[in-house]
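Chains as they are written, first to last, in the numbering used here: chain P, 18 to 221; chain U, 18 to 221.
We treat Cβ as the ideally placed atom computed from N, Cα and C, and that holds for glycine.
Given the structure is predicted, the values throughout are model-derived calculations rather than measurements.
Protein chains: 2
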Amino acid sequence: MNPMPQPNLMPTPEGQARNEEVFRTAASLMVQRGYAGTSMGDLAEAVGMTKAGLYHHIKSKQEMLFEILQFAMNVMEHEVIEPTRGIADPEQRLRNMIRLHVRVLFKHGLELTLLFPERRHLEPPQQEIIWQRVDRYQGLLRTSMRELAEQGKLRELDINVAASHILQTIAGIARWHPQGRGVAEALLAEQTVNFNLSAILKDS
Amino acid sequence: MNPMPQPNLMPTPEGQARNEEVFRTAASLMVQRGYAGTSMGDLAEAVGMTKAGLYHHIKSKQEMLFEILQFAMNVMEHEVIEPTRGIADPEQRLRNMIRLHVRVLFKHGLELTLLFPERRHLEPPQQEIIWQRVDRYQGLLRTSMRELAEQGKLRELDINVAASHILQTIAGIARWHPQGRGVAEALLAEQTVNFNLSAILKDS
DNA sequence: ACCTACCTACCGATCGTTCGGTAACATCCC
DNA sequence: GGGATGTTACCGAACGATCGGTAGGTAGGT
């Protein structure tokens, strides 16, 4: 076993595209079947190569999951957290966080919260890394709700419970409303934004 | 292979208790690790018998999952749907459905919605049976919201989307707030009821 | 000559499940 | 009372299949 295999130093454009396909297909299969329910044989068949061929693109199954979750968090940070952190009005910030989060789900097929429980298959240090990144996102939700409370706009509620409820409604979109199943993405985003903001705001 | 093995005709009280322990422990492990991530060896070790010993209590791993989901639906129907179906006021009906649902989660440790995705490991006819039972529950949610709409009390929203959001907030309780983790069960139930009803009602 | 992107063949380990068995207990008959 | 018979609740060993992964290799491109 190569203790510290290096990624390929000079991937070709085709190789890079194949690498991305491997990870995208892996994420998609693991959302449907779970991490342990998806074999490397399944993945190899889905991308049209052998199991051995996969190991040219990945270090291990577990490392692949870790990279998928890291990538998903990268997307969340770049496409949800960073664009909204600077919004001064906490209500607008929350609306935009939820709207952008739903869009990320559709754009990348990254059902992060559906893969999130699969974090249990990682080694503890990797689990901790992912947990901290997820918690930073939740922290922004909680901070925004605290600001709303300070403005007298928040209903009487437990902010931690509300934060988890908000994340669950978003997670549920990937499960209950897969792409192309009748409800438009924009409608779904707005329904989710309105559902959650009506739940937490006094005058709404 | 015995094509139609019969359950034991005359289990002893101790045997019956062991049988129930096998199923309870299996449900608990599968919530934590997933169906495919939980081996029969894991389960045997957890209940203190060999793998072969398990097969005295169960027909197969897959059949065991099916029975666990059936049992969970039985509990849902007896402890949530039946007690609330007869409530005339749709708002009170919804409040009680959500409250009782949360209580069932704590009482039975039945994180139904956390095990629900594991339905994919069943054979299609069994999947269909479970799906129909779950959909009946959702149907009561949708019916209640339609009645609220007829009374002019429902916000402008997509009832299907709202129904899935409501179920997701309940599902999230088992994930984010396991028993004994700081938030009291009664508080959690009321927070969840209020979150959801605030989300869907006009004047709240 | 060297590198990338694969492949075949194979490895040790684990999987779900069964086979053939045992210990303990209950029942029946002599 | 004791032996024979049957049942329940398990067990050790083993099975065929699949698992994640590697060794050694090849074709094609630079």
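Only those residues of the region 167–190 of chain P whose C-beta falls short of 9 Å from the nearest C-beta of chain U are listed: ARG172, GLU173, LEU174, ASP175, ASN177, VAL178, ALA179, ALA180, SER181, HIS182, ILE183, LEU184, GLN185, THR186, ILE187, ALA188, GLY189 and ILE190. Exclusion of the five residues before and after P/GLU96 leaves LEU117 and VAL121 as the residues of its chain whose Cβ lies within less than 7 Å of its Cβ.
Contact check for U/GLU202 against U/PHE88 fails: the beta carbons are separated by 8 Å or more. For the region 207–218 of chain P, the set of positions with a beta-carbon nearer than 8 Å to some beta-carbon of chain U reads GLN208, THR209, ASN211, PHE212, ASN213, SER215, ALA216 and ILE217 in chain order. In summary, U/LEU204 is exposed, with fewer than 16 beta-carbon neighbours lying within 10 Å of its beta-carbon over all protein chains present. Less than 8 Å separates the beta-carbon of P/GLN208 from that of U/VAL178. When U/HIS73, U/ALA53, U/LEU171 and U/PHE133 are compared, the shortest CA-CA separation from U/LEU26 is found for U/HIS73.
At least one CB of chain U lies nearer than 8 Å to the CB of P/ALA53. Nothing from the region 81–107 of chain P brings a Cβ to less than 9 Å from some Cβ of chain U. The beta-bridge partner set that DSSP reports for P/LEU171 consists of P/LEU218. Setting aside the 5 residues that flank it on each side, U/LYS78 is surrounded in the same chain by MET57, each with a C-beta closer than 7 Å to its C-beta; the list follows chain order.
Any Cβ of chain P closer than 8 Å to the Cβ of U/LEU122 would place that residue at the interface, and such an atom is absent. Straight through space, the alpha carbons of P/ASN213 and P/GLN109 are spaced by roughly 13 Å. Distance between U/ARG136 and P/GLY103, taken at the CA atoms: about 42 Å. For P/GLU31, the enclosing alpha helix (DSSP H) begins and ends at 30–50. Only residues of its own chain outside the window of five on either side were considered, and among them none has a CB closer than 6 Å to the CB of P/ALA105. P/LYS170 has its alpha-carbon roughly 6 Å from the corresponding atom of P/LYS219. Chain order gives the chain U residues near P/TRP193 as SER181, where near means a beta carbon separation below 7 Å. For U/THR186, same chain residues with a beta-carbon under 7 Å away, outside a window of 5 residues either side, are THR209, PHE212 and ASN213 in chain order. A straight line joining the alpha-carbon of U/GLU164 with that of U/HIS194 spans about 32 Å. Taking each of U/VAL39, U/ARG35, U/THR67 and U/LEU86 in turn and checking the Cα distance to U/ARG150, the smallest one comes out for U/LEU86. In this structure, the CA atom of P/SER215 is about 38 Å from the CA atom of P/PRO142. The beta carbons of U/LEU46 and U/LEU60 sit about 6 Å from each other, so the pair counts as a contact at 8 Å.
Under the Cβ criterion of 8 Å, U/HIS118 is not counted among the residues facing chain P. Put simply, the backbone Cα of U/TYR52 is about 37 Å away from that of P/SER161. P/ASP106 carries a coil assignment under DSSP once its states are collapsed to helix, strand and coil.
Here U/THR29 is exposed. Its C-beta has fewer than 16 other C-beta atoms within 10 Å.
Annotation: the region 119–187 of chain U contains no complete segment of the beta strand (DSSP E) (minimum length 3 residues).
Classified as buried, P/ALA43 has 16 or more neighbouring CB atoms from the shown chains inside 10 Å of its CB.
Nearest Cα to U/MET66 within the set U/LEU132, U/GLU145 and U/ASN36: U/ASN36. For U/LEU26, the three-state secondary structure derived from DSSP is coil.
Legend: CB atoms of the region 135–155 of chain P lying less than 9 Å from CB atoms of chain U belong to residues GLU135, ARG137 and HIS138.
For a Cβ distance threshold of 7 Å, residue set ARG137 of chain P lies close to U/ARG50, ordered along the chain. Spanning the alpha carbons of U/ARG153 and P/LEU184 requires a straight line of approximately 25 Å. Counting along the chain, P/GLU96 sits inside no alpha helix (DSSP H), nor does DSSP assign it H or E at all.
The Cβ atoms of U/ASN113 and U/THR101 sit closer than 8 Å to each other.
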